[in-house]
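Anchor point for the sequence shown: position 78 equals 78 in full-length UniProt numbering, and the numbering is continuous, going up by one each time. Accompanying notes for the structure given below.
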Amino acid sequence: MGKEKTHINIVVIGHVDSGKSTTTGHLIYKCGGIDKRTIEKEAAEVSSFKYAWVLDKLKAERERGITIDISLWKFETGKYYITIIDAPGHRDFIKNMITGTSQADCAVLIVAAGVGEFEAGISKNGQTREHALLAYTLGVKQLIVGVNKMDSTEPVYSGKRYQEITKEVSAYIKKIGYNPASVAFVPISGWHGDNMLEPSANMPWFKGWSITRKEGNVAGTTLLEALDSIISSSLQAPLPPPTNS
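Set out below in structure tokens:
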């Protein structure tokens, strides 16, 4: 008998339509969290919401095409049993998000790399800033940033666009209190699966992520590896208070 894996919770946050549910659904689908036949049956009924469809269980959510309630889904990595709290991106549902975020060991911030999409999310009216600040304020000590929709940059899978986004997001998360050196930034496509579980051949310019922290430095390439780099909350030190942004 092997050693029992540790259970951790993560919350997936980010601006509306950044691809949170698609990314989450893809991960859970590939890591065996749900029955393959379920997604295939559901996917036959829709087109663009293939993976997200699995997460949006409620009838009202399906009809409206948005995530309303927090969906809890579990899956397994090489190191952990992970429960994903899929938080809504729409401003109206911020209360739901607060309920979910405060239970998380780590937040996964999804930002869309598409033309205009990143800018909308990081703008003063976007939820990228608000969700990151909320996560920090509620004491979520670890952060992973998934730069999603790399397949929709111009040109596609643009290293330049990725660098641009990581620079701006790093500056913002530093301002609110996170240390960017301890945050894994991963360029992904939640739809196509680039850098989700395996390194993508579409982004040869990406040499992997690395994080520096007192508990030990870690490096990797994929989002799955970044999830395995999370430190369980029982081993974490307290965060300094948030700074005014």
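Don't be surprised by glycine CBs; every beta carbon is placed ideally from N, CA and C. In this text, all values refer to a predicted model and were calculated from it rather than measured experimentally.
Distance check for residue j and residue i, CA to CA, integer angstroms please.
{"i": "I85", "j": "M150", "result": "23 Å"}
{"i": "L224", "j": "G177", "result": "25 Å"}
{"i": "L143", "j": "A219", "result": "15 Å"}
{"i": "L133", "j": "P199", "result": "30 Å"}
{"i": "S233", "j": "I82", "result": "13 Å"}
{"i": "S158", "j": "H192", "result": "15 Å"}
{"i": "I68", "j": "D105", "result": "Here the model assigns I68 a pLDDT of 48, short of 50, so the residue's position is not dependable and the matter cannot be decided."}
{"i": "residue 246", "j": "S229", "result": "Residue 246 is absent from the model: the chain starts at 1 and stops at 245."}
{"i": "T221", "j": "N125", "result": "32 Å"}
{"i": "N217", "j": "A120", "result": "33 Å"}
{"i": "G114", "j": "G19", "result": "11 Å"}
{"i": "L109", "j": "K167", "result": "15 Å"}
{"i": "T23", "j": "A135", "result": "19 Å"}
{"i": "L58", "j": "N179", "result": "Confidence at L58 is low in this model, with a pLDDT of 40, below 50, so its placement is unreliable and the value that follows should be read with caution. Cα to Cα, L58 sits roughly 37 Å from N179."}
{"i": "P74", "j": "Q103", "result": "The residue asked about is misnamed: residue 74 is Lys in this sequence, not Pro. So the two alpha carbons sit approximately 14 Å from each other."}
{"i": "D17", "j": "T77", "result": "26 Å"}
{"i": "V169", "j": "I28", "result": "26 Å"}
{"i": "N9", "j": "H15", "result": "20 Å"}
{"i": "S21", "j": "E215", "result": "31 Å"}
{"i": "V156", "j": "I188", "result": "12 Å"}
{"i": "I165", "j": "H7", "result": "31 Å"}
{"i": "T171", "j": "E154", "result": "First, the residue type needs correcting, since residue 171 is Ala and not Thr in the sequence shown. Their backbone Cα atoms lie some 23 Å apart in a straight line."}
{"i": "V145", "j": "S123", "result": "17 Å"}
{"i": "N148", "j": "V12", "result": "12 Å"}
{"i": "E116", "j": "G139", "result": "The question names Glu, yet the displayed sequence has Gly at residue 116. Between G116 and G139, the C-alpha separation is close to 30 Å."}
Within its chain, find whatever has a CB closer than 8 Å to the CB of residue i; leave out the 5 residues flanking it on each side and keep chain order.
{"i": "K30", "result": "G193, M196, L197"}
{"i": "H26", "result": "Y51, G190, W191, G193, M196"}
Determine which residues share a DSSP beta bridge with residue i and list them.
{"i": "K74", "result": "T83"}
{"i": "N125", "result": "N125 is not bridged to any residue."}
{"i": "T7", "result": "Residue identity differs from the one stated: residue 7 is His in this sequence, not Thr. According to DSSP, H7 bridges with Y81."}
{"i": "N220", "result": "The question names Asn, but residue 220 in the sequence shown is Gly. Paired residues: W209."}
{"i": "L109", "result": "I13, V145"}
Leaving aside the five residues before and after residue i along the sequence, list all residues of the same chain whose C-beta is less than 6 Å from its C-beta, in chain order.
{"i": "K5", "result": "Y80, Y81"}
{"i": "R213", "result": "S182"}
{"i": "S152", "result": "G114"}
{"i": "W205", "result": "G159"}
{"i": "L227", "result": "T77"}
{"i": "A107", "result": "V11, I13, A135, V140, L143"}
Counting only the same chain and skipping the five closest in sequence on each side, list residues whose C-beta sits under 7 Å from that of residue i.
{"i": "K174", "result": "P180"}
{"i": "N202", "result": "Y157, D194"}
{"i": "I231", "result": "Q142, E215"}
{"i": "F118", "result": "V111, A112, I165"}
{"i": "E130", "result": "none"}
Does any C-beta atom of chain B lie closer than 8 Å to the C-beta of residue i?
{"i": "E198", "result": "Among the chains of the structure shown, chain B does not appear; only one protein chain is present."}
Assess, as a yes-or-no matter, whether the stretch 182-200 is touched by the stretch 209-229 under the definition of 3 or more beta carbon pairs within less than 8 Å. yes
Mind listing, in chain order, the continuous beta strand (DSSP E) runs of no fewer than 3 residues lying wholly within the stretch 137-214? List check, beta strand (DSSP E) in window: 142-148, 184-187, 209-211.
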